[in-house]
Structures are given as structure tokens and as C-alpha cells.
Amino acid sequence: MKIRPLYDRIVVKRIEGEAEKTHGGLYIPDTAKEKPQEGEVVAVGKGKRLDDGKVVALDVQAGDRILFGKWSGSEIKLEGEDLLIMKESDVLGVLS
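So our numbering is basically just the index in the sequence shown, starting at one, shifted up by 39.
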């Protein structure tokens with residue numbers, strides 16, 4: 040896949056959870072599930088450009104597992120894969 044986000048944007052692939060069945064034994068269809076808020080960073084931009092023209096590098100890197108807000112980013116489909124493009128400021132934390 041070839042995509043290079045600009046400035047302080049990152050491309051994220053959602054990581055699907057494994058909770059397909061409730062505690063009571065009911066299966067939840069994909070259309071009724073909430074979208075996961077955990078993902079893997081696929082690509083990062085060069086950094087945020089400050090008012091004085093300097094570029095500050097991003098804290099996240101490709102391959103990092105992150106947590107992000109429920110409504111963060113813009114959904115795109117690239118080469119048959121669902122991805123999100125979001126600003127680094129939408130990232131809540133990096134999982135280690």
C-alpha cells in the first residue's frame with residue numbers, strides 16, 4: 040500500500056476485538072457492533088509545521104498500537120482495506 044499522510048496526520052488500521060458473543064451466549068452481528076477504538080499506525084506524516092516554519096516530528100511511528108476517540112479521523116478505503124486518517128492530536132495513548 041502506498042500512502043503518505045501530510046504534516047501531522049497518521050494512517051491507522053483498526054484492530055478488531057474478539058468479543059463476538061455476549062456473556063449470555065448471544066452472537067452480535069457485525070452491523071450492531073461498535074467500531075474498535077484501538078488500531079495500528081500504518082503510516083505517519085513528516086511532522087507538525089509551526090508558525091515559524093520549523094517542523095516538529097511526531098511521537099507515534101508506523102507499527103505503534105494506539106487508542107483513539109470513537110469519532111476520530113476520516114474513514115477511507117484503500118486497496119480494499121478500511122483505514123482511518125487522523126491528526127496525531129486525536130491519539131489518546133500508545134499501547135506498549
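All C-beta atoms in this analysis are idealised placements derived from N, C-alpha and C, irrespective of residue type, glycine included.
Check	Outcome
Just reading off the beta strand (DSSP E) that Ser113 is part of, what are its end residues?	113-117
Does DSSP classify Glu79 as helix, strand or coil?	strand
Report buried or exposed for Asp98, applying the criterion of at least 16 other Cβ atoms within 10 angstroms of its Cβ.	exposed
For Ser111 versus Asp129, is the C-beta distance shorter than 8 Å?	yes
Can you give me the Cβ contacts of Gly86 inside the same chain, cut-off strictly under 6 Å, excluding the 5 residues immediately before and after it?	Val94, Val95, Ala96, Leu97
Among the candidates Leu45, Lys52, Arg88, Tyr46, whose CA atom is the shortest distance from the CA of Ile115?	Lys52
In three-state terms, what does DSSP make of Asp129?	helix
Report the rounded CA-to-CA distance for Asp103 versus Asp90, giving the unit in angstroms.	28 Å
What's the C-alpha gap between Arg48 and Gly108?	15 Å
By a C-beta neighbour count over all protein chains shown, 10 Å radius and 16 as the cutoff for buried, is Gly84 buried or exposed?	buried
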